[in-house]
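Residue numbers (my numbering): 389 to 892. All residues carry an ideal CB built from backbone N, CA and C; glycine is no exception. The model shown is predicted, which means the values in this text are computed figures rather than measured ones.
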Ligand SMILES: NC(=O)c1ccc[n+]([C@@H]2O[C@H](COP(=O)([O-])OP(=O)(O)OC[C@H]3O[C@@H](n4cnc5c(N)ncnc54)[C@H](O)[C@@H]3O)[C@@H](O)[C@H]2O)c1
């Protein structure tokens, strides 16, 4: 029987101890703060009782828990998982002490979310026995465990971490050490790009959140999530990414975060963050239903690719008379590469992927963007050229309304809001995989199970098409001249092999 030691009886430690007992391990929970220890033990017992009632744990799991305020009592453990406060000095001291207390075969794991495991291993007497075991909050409920290989980690430590996670019922993914490991690194663009969009005033925080929920199928928008996690916590994480990477431009913190923290708007815990939680009742309006659509019309949907095909299918199903050439009452250019529009003065709607509306030189047009798979999308983003007539804007709203989409007006940019966020998620995932942080399946599993994304970045890329993803990023790079939009070498290679070429 595995003897598991857990250091720190807080939110994460108590959850990990519960998992250990439920999996039939003898668990020794340690915390130097007596009150924290008894509170933690109480939480473990409560959690186990709930699981016993549901048949998820046996009655015999309860007596498996023992508690101690003395670190020395962890000596006979096979595996010790450290879940003490996120302070590098404190953790390094703990790893040095645990090395003295425990036997030469004990594997020492850390649940840190941001401190390099390699630096903690360096503080241990036997660095090859040190490994990262990154559980997600709350550990009993979240299905994922990220096992992190420090530079010094040996195979035996890695195997024990993986086997223990599997015995606890977790889906285990393996990641290399580095800023944010695999999951938090690959998830970073969700918040970081959203902050960039807000800084550029492309949309308000409420709009960005709504677009992510309704257009992308995310459970929560990035600003709701920042409020939930704590704006100050997110700011600290962003600073640590910059520090650990020596200034990688994609990972720079946002001046908006700094201002929010200075103003004390720390999120839900402070009653105010991006949203106001002071009043009882909802902090944001419910998501809207699609506006009623127009009658059927003669519509020309031009362009190639998964999105153009899906829109043609929807428009046909909605009763529109689809024209291939000749006169039409509305022209929709839904291809990533701009197509030749049919002649005539009909309102023109163009996909803002390979350029912004402004850069495309169609001041009278309406820009739009949405991402496949279209069946999972409930909202289309629209943007107005400076010369667009009100009837063209109305035609765009009613066309997409008739296809069952809500609409949201935002400012002009390649990919608009969701395209920009999702393409940066794909880009970051390609940087990470290209740098050996983990495999593609691991990234997709990690982001769906660890961060509750509707699909992983590689599944997104498959659905959207590599040409669409690279076109948005390349257009952002051309129009912004910012390093943060450079293509990951892996993504660039794939796109070139698929026949995509950057615009010159
Ligand atoms: N909370 C999360 O969402 C989350 C998610 C993943 C990882 N983590 C990581 O897990 C670790 C613990 O986080 P938490 O949220 O459970 O924190 P917490 O504050 O709830 O618990 C920390 C516990 O450690 C105890 N402690 C203090 N000094 C100690 C020492 N010298 N030795 C042993 N224990 C000591 C405290 O009394 C407290 O009970 C951190 O490294 C954190 O980054 C947290």
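So for residue i, helix, strand or coil by DSSP?
| i | result |
| --- | --- |
| residue 846 | helix |
| residue 686 | strand |
| residue 866 | helix |
| residue 852 | helix |
| residue 787 | helix |
| residue 709 | strand |
| residue 762 | helix |
| residue 702 | helix |
| residue 661 | coil |
| residue 537 | strand |
| residue 331 | Here the chain covers residues 389 to 892 and nothing more, so residue 331 does not appear. |
| residue 655 | strand |
What are the boundary residues of the alpha helix (DSSP H) that residue i is part of?
| i | result |
| --- | --- |
| residue 880 | 877-885 |
| residue 772 | Note, residue 772: premise wrong, no alpha helix (DSSP H); beta strand (DSSP E) at 767-772. |
| residue 649 | 643-650 |
Keeping to the same chain, check which residues put their C-beta closer than 7 Å to that of residue i; ignore five residues upstream and five downstream.
| i | result |
| --- | --- |
| residue 472 | 395, 396, 478, 479, 482 |
| residue 840 | 607 |
| residue 465 | 391, 392, 393, 416, 490, 494 |
| residue 649 | 619, 620, 623 |
| residue 828 | 821, 846 |
Does the distance between the C-beta of residue i and the nearest non-hydrogen atom of ligand 1 fall short of 7 Å?
| i | result |
| --- | --- |
| residue 507 | no |
| residue 578 | no |
| residue 419 | yes |
| residue 500 | yes |
| residue 769 | no |
| residue 398 | yes |
| residue 473 | yes |
| residue 757 | no |
| residue 395 | yes |
| residue 428 | yes |
| residue 424 | yes |
| residue 835 | no |
If you drop the 5 nearest sequence neighbours on each side, which residues of the same chain put their C-beta closer than 8 Å to that of residue i?
| i | result |
| --- | --- |
| residue 587 | 642, 643, 644 |
| residue 893 | Absent from the model: residue 893. The displayed extent of the chain is 389 to 892, so no value can be given. |
| residue 622 | 579, 614, 645 |
| residue 538 | 504, 505, 506, 508, 509, 515, 518, 519, 520, 565 |
| residue 454 | 414, 415, 416, 417 |
Just curious, the beta strand (DSSP E) that residue i is in, first and last residue?
| i | result |
| --- | --- |
| residue 631 | From DSSP, residue 631 is part of no beta strand (DSSP E) but of the alpha helix (DSSP H) over 619-633. |
| residue 718 | 718-721 |
| residue 636 | It is not in any beta strand (DSSP E) - residue 636 carries neither H nor E in the DSSP assignment. |
| residue 837 | It is not in any beta strand (DSSP E) - residue 837 carries neither H nor E in the DSSP assignment. |
| residue 468 | 467-470 |
Could you name the residues of the same chain whose beta carbon sits closer than 6 Å to that of residue i, not counting the 5 residues immediately before and after it, in chain order?
| i | result |
| --- | --- |
| residue 723 | 691, 692, 693, 696 |
| residue 392 | 408, 413, 415, 467 |
| residue 856 | 724, 741 |
| residue 629 | 567, 639 |
**Report entry** Start-end ranges of the beta strand (DSSP E) lying completely within the region 544-597, minimum 3 residues
**Finding:** Along the length of the region 544-597, whole beta strand (DSSP E) runs at least 3 residues long occupy 559-564, reported in chain order.
Report task. Entirely within the region 395-465 and at least 4 residues each: give me those alpha helix (DSSP H) ranges in chain order. Result -> DSSP assignment within the region 395-465 yields the following whole alpha helix (DSSP H) runs of 4 residues or more, N-terminal first: 399-410, 422-442.
**Report entry** Within the region 790-832, ranges of the beta strand (DSSP E) (whole runs, at least 3 residues)
**Finding:** As summarised for the region 790-832, the continuous beta strand (DSSP E) elements at least 3 residues long and confined to that stretch are 794-797, given in chain order.
Report task. Just list the alpha helix (DSSP H) runs in the region 487-535, keeping only unbroken ones of 4 residues or longer that don't cross its boundaries, in chain order. Result -> Fully enclosed alpha helix (DSSP H) runs of 4 or longer: 505-509.
Report task. Pick out the complete beta strand (DSSP E) segments inside the region 726-760, 3 residues or longer, and give them in chain order. Result -> List check, beta strand (DSSP E) in window: 736-739, 754-757.
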